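With numbering that gives the first Met the number 0 as the guide, the letters of the sequence shown map in order to residues 0 to 171.
Ideal placement from N, C-alpha and C gives every residue a C-beta, glycine not left out.
The model shown is predicted, which means the values in this text are computed figures rather than measured ones.
First the structure, in the form of structure tokens, and then the observations on it.
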Amino acid sequence: MKAKLIEAVATGIEAADTNKDGKLDLPEFIAFTSTFSETITKEFAQYWFRGLDIDITGRLTFDVVRSHFQMMIDHWDEIENNKPPVELLKVYYRGMDRDRNAQVNLEEMRNFLQSNDEKMNTHMAAVKLRKMDKDNSGTISFYEYCISFGHEVPKSIDPYDGKGPSQCCLIL
Ligand SMILES: [Ca+2]
Ligand SMILES: [Ca+2]
Ligand SMILES: [Ca+2]
């Protein structure tokens, strides 16, 4: 898959822009992911897209798509060894956090895991959640999520890079 992904990043992004508006919407993004992997489900691609679409515009610039997948290529071995870099965890986390409250609850986590694994059920998701939930709040903060993958990050780490809903309300 790595070789295919390198090729897709080099030549496939603009080609996936079928309506030629200079950006990738969800169907175009799904078509793009299918050029380098046959195993990515439509549901998982949807989570992926949501995680990348930090401004919720429904369209991704070529730059966002290119730099994201280039980052995956650069960190390929870590990802394969289940130690994805924090930048990738941010994308997963934002995808999971459907209501964008910077907490992932059991339902959000189960739905995300199910998109990638049809055998996943609520019980299994709950076991995973409990393991990650260091402060026993019943939800997973981004800090807890990073720690569970072995990343030492500050507690204040923001999965939305200052573009999330909580920041917008502080300014108001
Ligand atoms: Ca387009
Ligand atoms: Ca949430
Ligand atoms: Ca927690």
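Query, Result
"Candidates I29, F43, A30 and A7: closest to E117 by CA position", "F43"
"Unbroken stretches of the alpha helix (DSSP H), 4 residues or longer, contained in the stretch 21-48", "25-33"
"Straight-line Cα distance separating L112 from S66", "25 Å"
"Heavy atom of ligand 3 within 6 Å of E191 beta-carbon", "It is not possible to answer for residue 191, since the shown part of the chain is limited to 0 through 171."
"Helix, strand or coil at I5 according to DSSP, with G and I counted as helix", "helix"
"Neighbour flag for N100 against chain D, beta carbons, 7 Å", "The structure shown has no chain D; it contains just one protein chain."
"Residue(s) in a DSSP beta bridge with I139", "V103"
"Near ligand 3: E143 beta-carbon under 6 Å from a heavy atom", "yes"
"Buried versus exposed, by CB contacts within 10 Å (16 or more), P158", "buried"
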